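Have a look at the structure below, then the notes.
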Amino acid sequence: MNKKIKNYINNLSKYINNHNNNYFILNKPIISNYKYDKKLNLLIKLEKKYNYFYKNSPTKKLNNNLLIKNFNVIKHFYKMYSIKNVYNKKNFIIWKKNIDNKISKKINYICELKYDGIAISIIYEYGKLKYSITRGDGIYGNIVTKNILYIKNIPKYIKKIKNIKLFDIKGEIVYSKKNFLIINKIKKKKGEKLFSNSRNAVNGIIHSKYNKYIIYKKYLDFIPYYIYTNDKKYNYKINNQLESIKFLKNLSFNFIKKSYKLCNNTNNIIKYIYYWEKNIYKSIYPIDGIVIKVNNLKLKKKLNNNNIFHKWCIAFKFKDKKFITKVKKVNFYIGKTGIIVPVVYFKKIIINGTKIKRSNLYNSNIFKKYNLSFNDKIIIKKSGDIIPKIVNNITYKKIKKKKNYKYINFPLYCPSCNSFLKKKNEKLYCYNYKCNIQILEKIKHFISKYAMNIKINKNIINKLFFYKKINNYIDLLILKKKDFFLFKITNNEIIRILNEIKKSKKKKFNNILFSLSIPSIGKYISKKIEKTYNNIFNLLKDIKNNNIKCKNIGKKKIKNINKFFKKKINIKIIKKLKKLGYKI
Numbered sequence: 130m131n132k133k134i135k136n137y138i139n140n141l142s143k144y145i146n147n148h149n150n151n152y153f154i155l156n157k158p159i160i161s162n163y164k165y166d167k168k169l170n171l172l173i174k175l176e177k178k179y180n181y182f183y184k185n186s187p188t189k190k191l192n193n194n195l196l197i198k199n200f201n202v203i204k205h206f207y208k209m210y211s212i213k214n215v216y217n218k219k220n221f222i223i224w225k226k227n228i229d230n231k232i233s234k235k236i237n238y239i240c241e242l243k244y245d246g247i248a249i250s251i252i253y254e255y256g257k258l259k260y261s262i263t264r265g266d267g268i269y270g271n272i273v274t275k276n277i278l279y280i281k282n283i284p285k286y287i288k289k290i291k292n293i294k295l296f297d298i299k300g301e302i303v304y305s306k307k308n309f310l311i312i313n314k315i316k317k318k319k320g321e322k323l324f325s326n327s328r329n330a331v332n333g334i335i336h337s338k339y340n341k342y343i344i345y346k347k348y349l350d351f352i353p354y355y356i357y358t359n360d361k362k363y364n365y366k367i368n369n370q371l372e373s374i375k376f377l378k379n380l381s382f383n384f385i386k387k388s389y390k391l392c393n394n395t396n397n398i399i400k401y402i403y404y405w406e407k408n409i410y411k412s413i414y415p416i417d418g419i420v421i422k423v424n425n426l427k428l429k430k431k432l433n434n435n436n437i438f439h440k441w442c443i444a445f446k447f448k449d450k451k452f453i454t455k456v457k458k459v460n461f462y463i464g465k466t467g468i469i470v471p472v473v474y475f476k477k478i479i480i481n482g483t484k485i486k487r488s489n490l491y492n493s494n495i496f497k498k499y500n501l502s503f504n505d506k507i508i509i510k511k512s513g514d515i516i517p518k519i520v521n522n523i524t525y526k527k528i529k530k531k532k533n534y535k536y537i538n539f540p541l542y543c544p545s546c547n548s549f550l551k552k553k554n555e556k557l558y559c560y561n562y563k564c565n566i567q568i569l570e571k572i573k574h575f576i577s578k579y580a581m582n583i584k585i586n587k588n589i590i591n592k593l594f595f596y597k598k599i600n601n602y603i604d605l606l607i608l609k610k611k612d613f614f615l616f617k618i619t620n621n622e623i624i625r626i627l628n629e630i631k632k633s634k635k636k637k638f639n640n641i642l643f644s645l646s647i648p649s650i651g652k653y654i655s656k657k658i659e660k661t662y663n664n665i666f667n668l669l670k671d672i673k674n675n676n677i678k679c680k681n682i683g684k685k686k687i688k689n690i691n692k693f694f695k696k697k698i699n700i701k702i703i704k705k706l707k708k709l710g711y712k713i
C-alpha cells in the first residue's frame with residue numbers, strides 16, 4: 130500500500146481520536162457534528178478500500194482515554210454503543226432500505242427525541258439504586274453515583290422491580306432550558322463564571338467533587354431511553370421499544386409530550402422529524418435531532434451492532450440554523466500570547482434557548498473576508514455547542530459597488546500598548562512582553578482551573594493589577610492582607626484568597642508548566658512532560674543537549690519551550706517560584 134495513504138489514514142484516525150477527547154471528556158467540541166461525521170465516514174471508506182487500520186482506530190473502538198482519570202472506573206454491565214448520524218432525507222432512506230432488505234417482513238419504527246446531554250447508565254439491584262456510570266469509552270465508565278442522588282426524578286428505590294437482580298437503565302442527564310437559565314443566574318449572583326451551554330454544565334456538575342455544586346445538581350433531570358436486564362420474566366413481557374417506554378412510565382420516569390412516536394412508514398417518520406426541526410423551541414430540553422429505532426426487540430437482536438454503533442437505529446441530526454442580525458460593534462481583544470482576536474458584537478439572537486450576541490473571528494483574513502461595517506445585516510450560524518459563526522454579510526453584498534462603504538479596519542497597532550502588530554500564520558500579534566493586557570491575561574491563565582486553580586474573582590484580579598498591587602503572577606503569590614484594604618472585600622474573603630494561594634504550593638509540576646503560558650504547551654503536553662521530567666531544569670538541560678526523551682513532542686513545541694526560557698525574565702520567574710516552595 131502507498132505510504133502516503135497509510136500516513137493519511139493514521140493522521141485521520143489521530144484527528145478523530147483528538148476530537149473524541151474534545152467532545153466526550155473536555156466537552157469543548159471545536160468542530161461541528163456534521164464535519165466530524167464527514168471525517169469519520171471518510172475513514173471508514175478508506176479502511177474498507179485498503180484493508181488497513183491504525184492501531185487505535187476510532188472505527189474499531191473508542192479510545193480508552195475517554196474517561197476522567199481522577200474518578201473510579203467500572204466496566205459497564207451492558208455496553209453503551211454510539212449512534213450513527215445522518216443529516217438529510219436521502220441518507221436516511223438509504224439506511225432504512227438497508228434495514229428493510231435485511232428484514233423481509235414489515236417493520237415498525239419508533240422515533241424519539243435526541244437530547245443534548247450526557248449519556249449515563251443507572252443500575253438497580255433488587256430495586257435499589259446501586260451504580261451510576263458515565264458512558265466513558267462504551268465498555269468502561271466513571272462511577273458518579275453520589276452526584277446523581279440529588280436528581281429528583283431518579284428514584285433511589287423502585288418497589289416494582291424489587292425481584293429483578295439487575296436492571297440497567299440507560300439514558301441522558303440534561304438541564305431543561307428553564308433550569309439552565311436558573312443555574313446561570315445563581316452563578317452570576319455568586320460572581321462565578323457562567324456555563325457556556327447546558328451540555329458543558331451537565332458534564333461539569335456530574336463529574337464534580339465539591340459539595341458547593343449540590344445546588345446545581347438539584348436542577349438536573351434524567352431521561353431514560355433503553356432498558357437492559359437478565360430477568361427472563363421481563364424479557365418475556367416486553368417485546369418492543371414502545372412497551373419499554375410504557376414500562377418506564379409505570380416506574381414513574383417522565384417523558385415529555387410528543388417526545389416519541391410509533392411510525393409504520395417513511396412518510397410518518399419524515400413528518401415527525403420535520404415537525405421537531407421546525408418546532409425545536411417547543412422542547413423543554415435541548416435537542417439536536419431525532420433517533421429512529423427498530424421497534425421490535427427480536428429484530429433489534431437480529432440486526433445487532435458493530436464495535437461502536439447500533440445497526441438497528443440511526444440519528445437524524447437537525448441542520449444548522451441560520452439567523453439574521455445586525456452588527457453593533459467590533460472589539461479587538463489581546464490574548465495571553467499577544468494574539469489579537471476580533472470579536473463582533475451583534476444584536477442579540479436566541480438559538481435553542483441560548484442568548485447569543487457575539488462571535489470570534491480569530492484571524493485577520495477571516496475578518497477581512499466579511500468586509501464588516503456598523504449596522505450591517507449579517508447571517509449567523511450555530512451548530513450544536515459550537516461557537517456561533519458569521520457566514521455572510523448581506524449588506525455588503527447588496528452595496529459593495531458603492532465607493533462610500535465604510536469598513537471596520539483591523540488595527541495596525543496594539544489596542545493596549547500601541548506597539549506595531551506583526552503577522553504570523555494569518556494572525557496578528559503584539560510582541561511587546563510589557564503590554565499590560567497581555568500580562569493581565571497571563572495572570573488570569575496562571576490562576577485558572579487546570580493551571581494553579583487559585584479561586585479569585587476576575588474583578589479582584591483586575592483591581593489588584595490596575596492599582597499596581599500586582600505586576601505579574603509572582604506578585605500575586607506574595608500578596609499580604611494589607612494589599613486588599615483598598616477594595617470592598619470582607620475579612621473572611623481576604624483570608625480565603627490567601628489560603629487559596631497557600632494551597633497552590635501543592636500543585637504538580639504539570640500544572641505549573643501549563644500555568645506559564647508557553648505557546649502550544651497545553652494541559653496534555655504538560656502532563657506528558659511531567660511523566661518524563663520531574664522539574665523544568667532537567668527538561669531545559671535535555672533541550673540544550675538536543676536529547677528530548679518525551680515521545681510525540683514536535684520540534685515546534687521544543688522550539689517554543691526553548692524560546693520561552695531564553696528570556697531572562699522567565700528564568701527569574703522560575704527561580705522565584707522555586708524559592709517560594711513550588712515544585713518547579
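When we follow the working numbering, the leftmost residue of the sequence shown carries the number 130, and every step to the right adds one.
Note that beta-carbon positions come from the ideal geometry of N, C-alpha and C, so glycine has one too.
In this text the structure is predicted, and so the values were computed from the model without any measurement.
For this session: Tell me, to the nearest whole angstrom, how far the beta carbon of K689 is from that of I650; I am working on the premise that it is less than 8 Å.
Result: The sequence shown places Asn at residue 689, rather than the Lys named in the question. That pair is a contact at about 7 Å.
Problem set entry | Collapsed DSSP secondary structure at E176 in the structure displayed | E176 falls in the helix class under three-state DSSP.
Exercise. Got a sec, what are the start and stop residues for the alpha helix (DSSP H) I222 sits in?
Worked result: I222 -> alpha helix (DSSP H) spans K218 to K231.
For this session: Would you tell me roughly how many angstroms separate the C-alpha atoms of K222 and K431, rounded to the nearest one?
Result: Reading off the sequence, residue 222 comes out as Ile, not Lys. Annotation: I222 to K431 spans about 20 Å, alpha carbon to alpha carbon.
Exercise. If you check the beta carbons only, do I290 and V331 fall under 8 Å apart?
Worked result: Contact: no.
For this session: Starting from T395, follow the beta strand (DSSP E) in both directions and report where the run begins and ends.
Result: Unbroken run through T395 is the alpha helix (DSSP H), T395 to K407; no beta strand (DSSP E).
Exercise. What alpha helix (DSSP H) runs, 4 residues minimum, are completely inside the stretch 279–319?
Worked result: Listed in chain order, the complete alpha helix (DSSP H) runs (minimum 4 residues) inside the stretch 279–319 are 306–319.
For this session: Following the continuous alpha helix (DSSP H) through N699, name the residue where it begins and the one where it ends.
Result: Taken as a continuous stretch (DSSP letters only), the alpha helix (DSSP H) holding N699 covers K697 to K708.
Exercise. Between N494 and N565, what straight-line distance do the alpha-carbon atoms span, to the nearest angstrom?
Worked result: Cα-Cα distance, rounded: 26 Å.
For this session: Count the other CB atoms, across all protein chains shown, that sit within 10 Å of the CB of N292; report buried if there are 16 or more and exposed otherwise.
Result: Result: exposed.
Exercise. With a Cβ-Cβ cutoff of 8 Å, do C392 and I398 count as a contact?
Worked result: Yes.
Exercise. Looking at L310 and I334, is the spacing between their C-beta atoms short of 8 Å?
Worked result: No; because the gap between Cβ atoms is not below 8 Å, this pair is not in contact.
Exercise. In whole angstroms, what is the alpha-carbon distance linking K347 and I280?
Worked result: Straight-line measurement puts the Cα of I280 at about 5 Å from the Cα of K347.
Exercise. Buried or exposed: where does E321 fall if 16 or more other Cβ atoms within 10 Å of its Cβ makes it buried?
Worked result: So E321 ends up on the exposed side.
For this session: Any chance you could list the beta strand (DSSP E) runs of at least 3 consecutive residues sitting entirely within the stretch 551–633, in chain order?
Result: Listed in chain order, the complete beta strand (DSSP E) runs (minimum 3 residues) inside the stretch 551–633 are 551–553 and 556–558.
Problem set entry | Contact set for V473: own chain, Cβ-Cβ below 7 Å, skip 5 residues either direction | Only V456, V459, R487, S488, L490, L501 and I519 meet the Cβ criterion.
For this session: Determine, using beta-carbon pairs with one atom in the stretch 637–655 and one in the stretch 612–625, whether at least three such pairs fall under 8 Å.
Result: As far as the Cβ criterion goes, the stretch 637–655 does not touch the stretch 612–625, which means the pair count is below three.
Exercise. Can the beta-carbon of N408 be found less than 8 Å from the beta-carbon of N369?
Worked result: No, the pair does not count as a contact, with Cβ atoms beyond the cut-off.
Exercise. To the nearest angstrom, how far is it from the Cα of E406 to the Cα of K451?
Worked result: Their Cα atoms are separated by approximately 13 Å.
For this session: Please confirm whether I298 and I356 have their CB atoms less than 8 Å apart.
Result: In this structure, I356 lies closer than 8 Å to I298 by Cβ.
Problem set entry | Same chain only: Cβ atoms within 6 Å of N691, ignoring 5 sequence neighbours per side | In the same chain as N691, and ignoring 5 residues on each side of it, the C-beta atoms closer than 6 Å to its own belong to I672, in chain order.
Exercise. Alpha carbon to alpha carbon, how far is L169 from N227?
Worked result: The alpha-carbon atoms of L169 and N227 are separated by roughly 20 Å.
Problem set entry | Cutoff 8 Å; reference L428; Cβ partners in own chain excluding five residues on either side | Only I232, I236 and W441 meet the Cβ criterion.
Exercise. Is Y410 helix, strand or coil by DSSP?
Worked result: Helix at Y410.
Exercise. Going by the CB atoms, is the gap between P540 and I463 shorter than 8 Å?
Worked result: Taking 8 Å as the Cβ cut-off, I463 and P540 do not qualify as a contacting pair.
Problem set entry | Where K445 sits in the DSSP three-state scheme | Note on identity: in this sequence residue 445 is Phe, with Lys being the wrong assignment. If DSSP states are grouped into helix, strand and coil, F445 belongs with the strands.
Problem set entry | Collapsed DSSP secondary structure at E524 in the structure displayed | The residue you asked about is not Glu; residue 524 is Thr in the sequence shown. Here T524 sits in helix by DSSP.
For this session: Give the straight-line distance between the Cα atoms of I374 and K553, rounded to the nearest whole angstrom.
Result: It is roughly 56 Å from the alpha-carbon of I374 to the alpha-carbon of K553.
For this session: Identify every residue that forms a DSSP beta bridge with P540.
Result: Per DSSP, P540 has no beta-bridge partner at all.
Exercise. Secondary structure at R487, three-state DSSP: helix, strand or coil?
Worked result: For R487, the secondary structure class from DSSP, reduced to helix, strand or coil, is strand.
Problem set entry | E321, DSSP secondary structure in three states | It is coil, neither helix nor strand.
For this session: Give the secondary structure of L258 by DSSP, where H, G and I count as helix, E and B as strand, and everything else as coil.
Result: When DSSP states are grouped into helix, strand and coil, L258 belongs to the strand group.
Problem set entry | Opening and closing residue of the beta strand (DSSP E) in which D350 lies | Run containing D350: L349 to T358, per the beta strand (DSSP E) assignment.
For this session: Give the DSSP-derived three-state secondary structure of F638 in the structure shown.
Result: Helix.
Exercise. Where does N193 land, buried or exposed, given buried means 16+ other C-beta within 10 angstroms?
Worked result: Any reading at N193 needs caution, since the residue's pLDDT is 47, under 50, leaving its predicted position unreliable; the model's value is listed next. N193 comes out exposed.
Exercise. Which class does L242 belong to by DSSP, given the choice of helix, strand or coil?
Worked result: In the structure shown, the three-state DSSP call for L242 is strand.
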